[in-house]
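Heads up: the sequence lines are chains U and D, in that order.
Taken in order, the first sequence gives residues 1 to 115; the numbers are from this note's numbering.
Taken in order, the second sequence gives residues 1001 to 1111; the numbers are from this note's numbering.
Glycine residues also receive a C-beta, built at the ideal position from the N, C-alpha and C atoms.
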Amino acid sequence: ETGVTQTPRHLVMGMTNKKSLKCEQHLGHNAMYWYKQSAKKPLELMFVYNFKEQTENNSVPSRFSPECPNSSHLFLHLHTLQPEDSALYLCASSRETSGGFNEQFFGPGTRLTVL
Amino acid sequence: GEDVEQSLFLSVREGDSSVINCTYTDSSSTYLYWYKQEPGAGLQLLTYIFSNMDMKQDQRLTVLLNKKDKHLSLRIADTQTGDSAIYFCAESMLDDYKLSFGAGTTVTVRA
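#1: Taking the beta strand (DSSP E) that S38(U) belongs to, which residues open and close that run?
#2: Assuming the contact rule is C-beta atoms closer than 8 Å, L1162(D) and L1072(D) should be a hit. Round their C-beta distance to whole Å, please.
#3: Please state if the CB of E1038(D) and the CB of V1109(D) are separated by a distance shorter than 9 Å.
#4: Between the C-alpha atoms of G100(U) and S1029(D), what's the straight-line distance to the nearest angstrom?
#5: Would you kindly work out how many angstroms separate the C-alpha atoms of G28(U) and S71(U), rounded to a whole number?
#6: Find the residues of chain D that neighbour F51(U), judging by a C-beta separation of less than 8 Å, and give them in chain order.
#7: Three-state secondary structure (DSSP) at P83(U)?
#8: Look at the alpha carbon of N1021(D) and the alpha carbon of T16(U), and state the distance between them as a whole number of angstroms.
#9: Within the present structure, is the beta-carbon of P42(U) separated from the nearest heavy atom of the ligand SAM by less than 8 Å?
#10: Are the C-beta of M1093(D) and some C-beta of chain U separated by less than 9 Å?
#11: Does any residue of chain D bring its CB to less than 9 Å from the CB of G107(U)?
#12: Secondary structure at D1058(D), three-state DSSP: helix, strand or coil?
#13: Specify the secondary structure class of G1001(D) as computed by DSSP and reduced to three states.
#14: What residues in the stretch 2-20 of chain U bring their beta carbon closer than 9 Å to a beta carbon of chain D?
#15: Would you say F64(U) and G1042(D) are within 9 Å of each other, going by their C-beta atoms?
#16: Quick check on this structure: which residue in L81(U), L115(U), C68(U) has the alpha carbon closest to the alpha carbon of A92(U)?
#17: Following the continuous beta strand (DSSP E) through V4(U), name the residue where it begins and the one where it ends.
#18: By DSSP's criteria, H10(U) is part of a beta bridge. Which residues make up the other side?
#19: Please confirm whether N102(U) has its beta-carbon closer than 9 Å to some beta-carbon of chain D.
#20: By Cβ distance, which residues of its chain are closer than 7 Å to K1068(D), with the 5 residues on each side in sequence left out?
#21: Could you check what DSSP says for T1030(D) in three-state terms: helix, strand or coil?
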């Protein structure tokens, strides 16, 4: 257990559906991250929040919409996705977004399949 | 090309040593990390090394850093079946919190 939970663990959706991924951290951290993990590719950083403020949007298409209501919760709202969006979506947290040593704690991920 | 590169697969016999290699391109990298991802789980930090070091040992794990060649390796001694996982190399800079990850090396331990 890393202290970061994600729900659902698996999600199958059609291209016209709207769904949301949820992440919760129990570590008292102030920074939260969304990553996309595709097979045989480096992890892609999507969004970063620090103290509930978005500090990074890594040119992510608008069909992905993040929300961070407080430092413990992070959502990723999905709508009109494409099949190439199928991947494992990982949430992570860290103490904050300072430079230097940055240990990030990861959740188990949501395996998303877009039909 | 990618900032951090790793070979994709490694097969090792149980009891042997595993060596996972990684190369990075940014000479200003300050911290280099090794994360482990077991099946069905997220990434967990295994170990890390600061750029002013060239070696770090932690029980069965040995990290070697060659700054001149921008090469990082992770050696796992006496590899066990529980070491089967994907191992990710990552780097970060002093003035940037973001981690740049490699694509991961899938290590398979065979009996």
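Once the coordinates are examined:
#1: Looking at the DSSP string, S38(U) is not in any beta strand (DSSP E), and its letter there is neither H nor E.
#2: Not covered by the structure: residue 1162(D). The range shown for chain D is 1001 to 1111.
#3: Taking 9 Å as the Cβ cut-off, V1109(D) and E1038(D) do not qualify as a contacting pair.
#4: 9 Å
#5: 8 Å
#6: Simply none; closest approach about 13 Å.
#7: Residue state, collapsed to three classes: helix.
#8: 42 Å
#9: The ligand SAM is not among the ligands present in this structure, which contains no ligands whatsoever.
#10: yes
#11: yes
#12: Of the three classes helix, strand and coil, the one that applies to D1058(D) here is strand, per DSSP.
#13: Unreliable positioning characterises G1001(D) in this predicted model, as indicated by a pLDDT of 46, which lies under 50. The coordinate reading is nonetheless provided below. Reduced to three states, the DSSP call for G1001(D) is coil.
#14: Cβ contacts with chain D come from T2, V4, Q6, R9.
#15: no
#16: C68(U)
#17: 4-7
#18: In the DSSP assignment, H10(U) is bridged to R111(U).
#19: Taking 9 Å as the CB threshold, N102(U) lines the interface with chain D.
#20: Taking K1068(D) as the centre and dropping the five residues before and after it, the same chain places no C-beta closer than 7 Å to its C-beta.
#21: strand
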